[in-house]
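Contents: one structure, followed by commentary.
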Amino acid sequence: MNVTTIRQGLAARIATVVSVASDGLAPAQVMPAPGKPVAVVVPDPGTFIIRDTQGPGGYMLNFNIKLLVATQLTAAAQKVLDTYLDTTSDKSVVAAVEDPSLDLGGGGEFATVAAVRGYGSTEYGGVIYPVSAELVIGVAAI
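Converting from the sequence shown to my numbering requires adding 424 to each position, the first position being numbered 1.
Structure follows, in structure tokens:
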């Protein structure tokens, strides 16, 4: 299992629908342009790696995707965020994360969006983004 490669694989999946701030390694700061959200992939600050003791010795890695849409609260920005969270949209970050046709690499088997939290306000790099959300991602790996 290669954590960096899996993180880059998640970033590559997300990049199919939204601008990614980096190749999976979190930059110190980002600034989304109007109408152009930025996604940042970071390890979950709680439990990041869980060993599967019941199965063949795999792992579950927990990541957060910070989807940063705007630094100003507007109706248009909220509609953009909703589009990225809509599972049926062609700009769905959820669908991109879970797309099995896109390789995760590094031993990553599959990824799933377990939850969306912090809708409306997310802090990143010392900046509060009032139009944002955080997606909680689980990646099964060997």
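Using N, Cα and C, we set each Cβ at its ideal position, and we do this for glycine too.
The three-state reading of DSSP puts Lys490 in strand, counting E and B together. Inter-residue distance for Ala435 and Pro554 is about 23 angstroms (C-alpha atoms, whole angstroms). Its Cα nearest to that of Glu522, the residue Ala564 stands out among Ala452, Ala564, Leu492, Thr546.
Taken through DSSP and simplified to helix, strand or coil, Val504 comes out as helix. Among the bridge pairs identified by DSSP, Phe534 is matched with Ala564. In the DSSP annotation of this structure, the continuous segment of the alpha helix (DSSP H) that includes Val521 starts and ends at 517-522.
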